[in-house]
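Each residue of the sequence shown is one higher than the one before, counting from 30 in our numbering.
All remarks here apply to the structure that follows.
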Amino acid sequence: MKETKEIAELREIINEARSEGKTIGFVPTMGYLHKGHTSLIEKAKNDCSKVILSIFVNPIQFGEHEDYEKYPKDFNRDKILAEAAGADYIFVPSAGEMYKEGFKASVKVRELDSVMCGSFRPGHFEGVCTVVAKLFNITLPHRSYFGLKDYQQYLIIKKMVEDLNFPLRVIGCPIIREDDGVAMSSRNKYLSKNERKNAAILVECLNQAANLIKDGFTNLEDIRNTLYEKLSGNPFVSKVDYFDFRDSETLENISSIDKHDFKSPGSNLLIACAVRIGGTRLIDNMIFDTNSF
Ligand code: AMP
30 MKETKEIAEL
40 REIINEARSE
50 GKTIGFVPTM
60 GYLHKGHTSL
70 IEKAKNDCSK
80 VILSIFVNPI
90 QFGEHEDYEK
100 YPKDFNRDKI
110 LAEAAGADYI
120 FVPSAGEMYK
130 EGFKASVKVR
140 ELDSVMCGSF
150 RPGHFEGVCT
160 VVAKLFNITL
170 PHRSYFGLKD
180 YQQYLIIKKM
190 VEDLNFPLRV
200 IGCPIIREDD
210 GVAMSSRNKY
220 LSKNERKNAA
230 ILVECLNQAA
240 NLIKDGFTNL
250 EDIRNTLYEK
260 LSGNPFVSKV
270 DYFDFRDSET
280 LENISSIDKH
290 DFKSPGSNLL
300 IACAVRIGGT
310 RLIDNMIFDT
320 NSF
């Protein structure tokens, strides 16, 4: 596995691979890898002849009081995991390599970026789109792999690729979970033992919502209120940012299933939440197949 910090060097490697007719799979990450990340690398390796992994903690997607400075890092461990999963190249640029003095550009996907996480993290998705657009232009992938754990991010990147005609396919990959159902996340490292135990409340509430819907409840506002109360009542939950029912393609809010028209192709019910456990913000979601009701 080759490693580089420089855009110019990576470009040369990619030009050579492309001129040999190789298909390039790209997995962007912020590092501190876990099985969620390695599942994306494995999928990319399965589909493509060369896999590029990027590790870059992108300063412009973090708010002022967020965890940019303390974001967990362990590059030596990441290299071992990445190579074992099948990565051929790791791109690890510095912030200075990605954002030269006087950097001015930005990429925004309107509307989809202003609900759910977007309303609690202003500017976050603009930072994500800008860095991902840059990384696509640097790595020139045929396919890029994103986890459905960050569902809103996946949807926004897919829209950016479609609207701006990036010549690549965005592939969404399933959420990888711990044994108790908690979605794997680099940020789980921040949790104390008791907080980690209580973090299972997110997936419990998602499952409970899905079960109520399966049982025939159609008033999602009522379900939302019940679960909002359950979440806020947990002593380890310091804040519930949202517990939402949304159309999985438009992110339109859905208050009652029988009244919502899932009309766009691929439209399903997205159940998603963002909750703070102590000082750590966790997100999780589930797609509920609307063909099943
Ligand atoms: P991050 O390093 O957190 O920016 O994540 C990099 C990529 O890994 C994103 O596409 C995430 O959605 C994906 N990812 C993170 N956690 C998981 C998980 N538990 N399951 C699947 N994909 C994940």
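Ideal Cβ placement from N, Cα and C applies to all residues, glycine included.
Here the structure is a predicted model, which means the values were calculated and not measured.
Spatial neighbours of residue i in its chain, beta-carbon cut-off 8 Å, leaving aside the 5 residues before and after
{"i": "I185", "result": "V138, L141, D142, F154, V157 and C158"}
{"i": "C202", "result": "S68, L69, K72, Y174, F175, G176 and L177"}
{"i": "R47", "result": "I53 and L169"}
{"i": "R206", "result": "A212, M213 and V232"}
{"i": "S277", "result": "Y180, L184, G295, S296, N297, L298, L299 and I316"}
{"i": "G65", "result": "G176, K178, I204, I205, A212, M213 and S214"}
{"i": "E112", "result": "M30"}
{"i": "N263", "result": "N227 and I230"}
{"i": "E95", "result": "R150"}
{"i": "F291", "result": "D276, N297, L298 and T319"}
{"i": "S293", "result": "D276, E278 and T279"}
{"i": "S221", "result": "G307"}
Short Cβ contact (9 Å threshold) for residue i with residue j
{"i": "Y61", "j": "K102", "result": "yes"}
{"i": "V56", "j": "L39", "result": "no"}
{"i": "K386", "j": "P122", "result": "What the structure shows of the chain is the stretch from 30 to 322, and residue 386 is not part of that stretch, so it cannot be assessed."}
{"i": "V190", "j": "L280", "result": "no"}
{"i": "H171", "j": "L197", "result": "yes"}
{"i": "P301", "j": "I283", "result": "Going by the sequence as given, residue 301 is Ala instead of Pro. No, the Cβ-Cβ distance between A301 and I283 is not below 9 Å."}
{"i": "K51", "j": "C77", "result": "yes"}
{"i": "I343", "j": "I36", "result": "Absent from the structure is residue 343, since the part of the chain shown begins at 30 and ends at 322."}
{"i": "A114", "j": "K74", "result": "yes"}
{"i": "P88", "j": "A124", "result": "yes"}
{"i": "F195", "j": "E224", "result": "no"}
Distance between beta carbons of residue j and residue i, contact taken as under 8 Å
{"i": "L260", "j": "F274", "result": "With a Cβ gap of about 15 Å, L260 and F274 do not count as contacting."}
{"i": "M213", "j": "A116", "result": "With a Cβ gap of about 18 Å, M213 and A116 do not count as contacting."}
{"i": "Q237", "j": "V160", "result": "Not quite, the Cβ-Cβ distance comes to about 35 Å (not below 8 Å), so this is no contact."}
{"i": "R216", "j": "T309", "result": "6 Å"}
Secondary structure of residue i, DSSP reduced to three states
{"i": "I252", "result": "helix"}
{"i": "T247", "result": "coil"}
{"i": "N282", "result": "strand"}
{"i": "D287", "result": "helix"}
{"i": "E41", "result": "helix"}
{"i": "S261", "result": "helix"}
{"i": "K292", "result": "coil"}
{"i": "N314", "result": "strand"}
{"i": "K268", "result": "strand"}
{"i": "K31", "result": "strand"}
Beta-carbon proximity list for residue i, same chain, < 7 Å, skipping 5 on both sides
{"i": "G210", "result": "A229 and V232"}
{"i": "S285", "result": "T247, N248 and L249"}
{"i": "C146", "result": "H153, Q181, A303 and I312"}
{"i": "S148", "result": "none"}
{"i": "C234", "result": "L256, K259, L260, F272 and C302"}
{"i": "A239", "result": "I300, M315 and F317"}
{"i": "I23", "result": "What the structure shows of the chain is the stretch from 30 to 322, and residue 23 is not part of that stretch, so it cannot be assessed."}
Neighbourhood of residue i by C-beta distance below 6 Å, restricted to the same chain and skipping five residues each side
{"i": "V136", "result": "C158, T159 and A162"}
{"i": "R305", "result": "S267 and K268"}
{"i": "K79", "result": "A46, K51, I53 and D117"}
{"i": "M24", "result": "This structure does not reach residue 24, given that the chain is present from 30 up to 322, and the question cannot be answered."}
{"i": "L110", "result": "L62 and T67"}
{"i": "R253", "result": "F272"}
{"i": "L164", "result": "P57 and S83"}
Residue i: CB within 8 Å of a non-hydrogen atom of ligand 3
{"i": "P88", "result": "You won't find ligand 3 in this model; what it holds is ligand 1."}
### Query
What are the complete beta strand (DSSP E) segments, minimum 3 residues, inside the segment 180–232?
198–202
### alpha helix (DSSP H) segments (min. 4 residues) lying fully within the segment 45–80
The segment 45–80 contains these whole alpha helix (DSSP H) runs: 64–76.
### Message
Just to confirm the assignment: which complete beta strand (DSSP E) runs, minimum length 3, are found wholly within the segment 149–176?
### Response
Counting only runs of 3 or more, we get 172–176.
### Message
Which complete alpha helix (DSSP H) runs does the segment 90–116 hold, if anything under 4 residues is left out?
### Response
104–114
### Query
What are the uninterrupted segments assigned as alpha helix (DSSP H) that are 4 or more residues long and contained completely in the segment 117–141, given in chain order?
124–127
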